[in-house]
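Student: No gaps in the numbering here: position 136 of the sequence shown is 137 in our numbering, and each next residue is one more.
Just dropping this structure here.
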Amino acid sequence: MPMNEFQVQVQPAYLPEQSAPAAGVYAFSYTITVTNAGEVPGQLIARHWIITNEQGHVEEVRGLGVVGRQPLLQPGESFEYTSGCQLRTPNGSMQGSYLCISHEGEVFECPIPRFSLQSSPQNVPHFPDPSSRVLH
2 MPMNEFQVQV
12 QPAYLPEQSA
22 PAAGVYAFSY
32 TITVTNAGEV
42 PGQLIARHWI
52 ITNEQGHVEE
62 VRGLGVVGRQ
72 PLLQPGESFE
82 YTSGCQLRTP
92 NGSMQGSYLC
102 ISHEGEVFEC
112 PIPRFSLQSS
122 PQNVPHFPDP
132 SSRVLH
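The following block contains the structure:
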C-alpha cells in the first residue's frame, strides 16, 4: 500500500428540473467519495476539473478545496460531497485531479478518472413484455 494515496468514486446524475434544453442548459450533479487508501493522513487542498461537452468545448476549473472544505482524511477515512455543473449540450464528461498533502508535508496528486454526464439514459436494458414471451 502506498504511503500517500487517495481513491475517488463518482456518481453523476442528470437534473432535469434544473435544465432548460430549449435554451441549451443541461444541469448535472455529481457525488464524489474520496477515500484515503494510503498509510498516513492526508489533506485535500485543491481541485482541477476538465469539463468537456459533446462538441469538444473544454472548460477548466481550478480552486481551493471542495464545497468550501479542505478535508483531512486519516487512513481508511472517506469524505463525500455533492456538487454540480452545467453543459450547453445534452452529454459530456468530466475528469481532473485533487492536489493533496500528507501530514509530513509531501505533496501528491489524486487523479479523478473521466466520467460521463448524460441527459438521457444510455444502454438501458430492454425487457420484453412478459405476456408476449415465447417458450420453446
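By construction, the Cβ of each residue, glycine as well, lies at the ideal position given by its N, Cα and C atoms.
No experiment lies behind these values; they were computed from the predicted model shown.
Could you tell me which residues DSSP pairs with I33 in its beta bridges?
Tutor: V11, Y82
Student: Look at N54 and T83 and say whether their C-beta atoms are less than 8 Å apart.
Tutor: no
Student: Excluding five sequence neighbours on each side, which residues of the same chain lie with their C-beta closer than 7 Å to the C-beta of S94?
Tutor: T53, R115, F116, S117, L118
Student: My output table needs one value for E60: the three-state DSSP class, helix, strand or coil.
Tutor: Note: E60 maps to strand in three-state DSSP.
Student: Are A47 and S30 touching if we call contact CB-CB under 8 Å?
Tutor: no
Student: If the criterion is Cβ atoms closer than 8 Å, does the pair C111 and V9 meet it?
Tutor: Yes, these two residues count as a Cβ contact at 8 Å.
Student: Does the Cβ of P22 have 16 or more other Cβ atoms within 10 Å, making it buried, or fewer, making it exposed?
Tutor: Per the 10 Å Cβ criterion, exposed.
Student: Note down the Cα distance separating R107 from P17, rounded to an integer number of angstroms.
Tutor: Looking at the sequence itself, residue 107 is Glu, so the reference to Arg does not match. Near 42 Å, if we compare the C-alpha coordinates of P17 and E107.
Student: Please report how far the alpha carbon of Q75 lies from the alpha carbon of G97, in whole angstroms.
Tutor: Rounded to whole angstroms, Q75 and G97 show a C-alpha spacing of 23 Å.
Student: What are the boundary residues of the beta strand (DSSP E) that F24 is part of?
Tutor: Residue identity differs from the one stated: residue 24 is Ala in this sequence, not Phe. Looking at the DSSP string, A24 is not in any beta strand (DSSP E), and its letter there is neither H nor E.
Student: Considering only residues of the same chain and omitting the five flanking positions on each side of H137, which have a CB-CB separation below 8 Å?
Tutor: Bear in mind that the predicted position of H137 carries a pLDDT of just 36, short of 50, making it unreliable; the figure below should be weighed with that in mind. Closer than 8 Å at Cβ, skipping near neighbours: no residue.
Student: Apply the 10 Å Cβ neighbour rule to F7 and answer buried if 16 or more other Cβ atoms are within range, or exposed otherwise.
Tutor: buried
Student: Between which residues of its own chain and Q12 is the CB-CB distance below 6 Å, once the five residues before and five after are set aside?
Tutor: For Q12, the CB contacts under 6 Å within the same chain, skipping 5 residues up- and downstream, are T32 in chain order.
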